[in-house]
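> Just dropping this structure here.
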Amino acid sequence: MATSFSTPLRSLHLFPASKTHLPNSSSFFPLSSKPGFSTFKVNYLQRSHISTGFKQLNRFTVKASMATKQENKKEVEVFNTEEDLAASLAKYTADLSDKIIKERGFFTVVVSGGSLVKSLRKLTEPPYIDSIDWSKWHVFWVDERVVPKDHVDSNYKLAFDTFLCRVPILPGNVYAINDALSAEAAADDYETCLKHLINNGVIDKSQQTGFPKFDLMLMGMGPDGHVASLFPGHPLLKENQKWVTHILDSPKPPPERISFTLPVINSSAYVALVVCGAGKADVVTKALGKGESSDLLPVELVSPEGELKWFLDKEAASKL
Ligand SMILES: O=C(O)[C@H](O)[C@@H](O)[C@H](O)[C@H](O)COP(=O)(O)O
Numbered sequence: 001m002a003t004s005f006s007t008p009l010r011s012l013h014l015f016p017a018s019k020t021h022l023p024n025s026s027s028f029f030p031l032s033s034k035p036g037f038s039t040f041k042v043n044y045l046q047r048s049h050i051s052t053g054f055k056q057l058n059r060f061t062v063k064a065s066m067a068t069k070q071e072n073k074k075e076v077e078v079f080n081t082e083e084d085l086a087a088s089l090a091k092y093t094a095d096l097s098d099k100i101i102k103e104r105g106f107f108t109v110v111v112s113g114g115s116l117v118k119s120l121r122k123l124t125e126p127p128y129i130d131s132i133d134w135s136k137w138h139v140f141w142v143d144e145r146v147v148p149k150d151h152v153d154s155n156y157k158l159a160f161d162t163f164l165c166r167v168p169i170l171p172g173n174v175y176a177i178n179d180a181l182s183a184e185a186a187a188d189d190y191e192t193c194l195k196h197l198i199n200n201g202v203i204d205k206s207q208q209t210g211f212p213k214f215d216l217m218l219m220g221m222g223p224d225g226h227v228a229s230l231f232p233g234h235p236l237l238k239e240n241q242k243w244v245t246h247i248l249d250s251p252k253p254p255p256e257r258i259s260f261t262l263p264v265i266n267s268s269a270y271v272a273l274v275v276c277g278a279g280k281a282d283v284v285t286k287a288l289g290k291g292e293s294s295d296l297l298p299v300e301l302v303s304p305e306g307e308l309k310w311f312l313d314k315e316a317a318s319k320l
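Now the structure itself:
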């Protein structure tokens, strides 16, 4: 079992800167333990590339993040392949799980949809399948499409089929949306669920903001710089009261979704942004400091109370 939280061997950049009910349990699919068997090896990007990237990144400091600009610890790591990235992401998550369960007895993990979920696959394999205390995990969605849970577009279904069905997380600790409700009602319902879990002590509360403080958010990023279901230029980016909001006109289908708001994302203890592919290289470059702009993309507004770590494959980092 991993016993300490370790920092990565080679980092591209590391700088400190400055309706009262839980989702219906009957709607959860049963979970089972089906560990796979494989080993992995982490290969970091060659030093020459790291140096180039470092020099370029070093020209800028952390960018403005929202109106309430809170400088945090940000780290960027680039991997030769998605396979290497997935191995490192698993270790990062397992180490945090170990550390935080020792500290608070629970581990609240929030996932997005998209390709991120597949990159969690190594957690379902040895050593993590055996070493992680899955009974302490509580799993949430940073955003969800408002479709039935068995629909091909459901983020719950994606996570269940890819990840959750392979690990022994307790079904009652998996917080899917109530898919019988409208988008607006599902968002309110989810927020009520979060309040209940804060009262129970499962979810931590940020002393700084009063918003829920999740232990770890694992998120992808769209090629337009969206995170969760917070899209560029959308008024939802300004929401600063609600914890969970809804959208009926998402530019990425399906149109109806619920999403955590930025203050919730930014109250997190740890956020991992997992980004792969050349199609995201321009946005990665904008977000990580090539050029200044007053027009900040949603991903540039991610600035958690705790630590932000970018996991990039070399294609996504190719323009840094
Ligand atoms: O449900 C969703 O659509 C998401 O949560 C969304 O924010 C996703 O994470 C990004 O669009 C990245 O998706 P890809 O990694 O598949 O590009």
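The sequence shown: position 186 = 186 (the UniProt record's numbering), numbered continuously. Ideal Cβ placement from N, Cα and C applies to all residues, glycine included.
Evaluate Asp179 with the Cβ neighbour count: other Cβ atoms within 10 Å of its Cβ, from every protein chain shown; 16 or more gives buried, anything less gives exposed.
When all chains shown are included, Asp179 counts as buried.
> Buried or exposed: which applies to Lys102, given that a residue is buried once 16 or more other Cβ atoms fall within 10 Å of its Cβ?
When all chains shown are included, Lys102 counts as exposed.
> Verify whether the separation of the beta carbon atoms of Glu307 and Tyr270 is less than 8 Å.
Yes. Within cutoff.
> I'd like the list of long-range same chain contacts for Val274, defined as Cβ closer than 6 Å, with 5 residues on each side in sequence excluded.
Leu116, Ser119, Gly220 and Phe311.
> Pick helix, strand or coil for Glu77, following the three-state DSSP scheme.
Correct three-state label for Glu77: strand.
> Can you check whether the CB of Ser259 is closer than 8 Å to the CB of Ser229?
Yes, these two residues count as a Cβ contact at 8 Å.
> What does the alpha-carbon distance come out to for the pair Val284 and Val78?
Cα to Cα, Val284 sits roughly 12 Å from Val78.
> So is the beta-carbon of Ser115 under 7 Å away from any non-hydrogen atom of ligand 1?
Yes, the beta carbon of Ser115 sits closer than 7 Å to at least one heavy atom of ligand 1.
> For Ala183 and Lys242, I'd like the C-alpha separation in whole angstroms.
Distance between the alpha carbons of Ala183 and Lys242 is about 14 Å.
> Tell me the residue span of the alpha helix (DSSP H) that contains Arg257.
Not the alpha helix (DSSP H): Arg257 falls in the beta strand (DSSP E), residues Arg257 to Phe260.
> My understanding is that Leu296 touches Val76, with C-beta atoms under 8 Å, so please give their C-beta distance in whole angstroms.
In fact, because the Cβ distance is near 18 Å, the residues do not count as touching under 8 Å.
> Would you mind sorting Gly222 into buried or exposed? The rule is 16 or more other CB atoms within 10 Å of its CB.
Buried.
> Just mark Asn155 as buried or exposed, buried being the case when its beta carbon has 16 or more other beta carbons within 10 Å.
Counting Cβ neighbours within 10 Å, Asn155 comes out buried, since at least 16 surround it.
> Please report the residue range of the beta strand (DSSP E) in which Val110 lies.
First-last of the beta strand (DSSP E) with Val110: Phe107 to Val111.
> What are the start and end residues of each continuous alpha helix (DSSP H) run of 4 or more residues lying completely inside the stretch 258–317, in chain order?
Taking only runs of at least 4 residues, the alpha helix (DSSP H) segments lying wholly in the stretch 258–317 are 262–265 and 281–287.
> Could you tell me which residues DSSP pairs with Leu230 in its beta bridges?
Answer is Val227.
> With H, G and I counted as helix, E and B as strand and the rest as coil, what does DSSP make of Ile101?
Residue state, collapsed to three classes: helix.
> For Ser97, which of Ala87, Val109, Ser88 and Ala86 has the nearest alpha-carbon?
If we check each option's Cα against that of Ser97, Val109 comes out closest.
> Reducing DSSP to helix, strand and coil, say where Glu125 ends up.
Coil at Glu125, not helix or strand.
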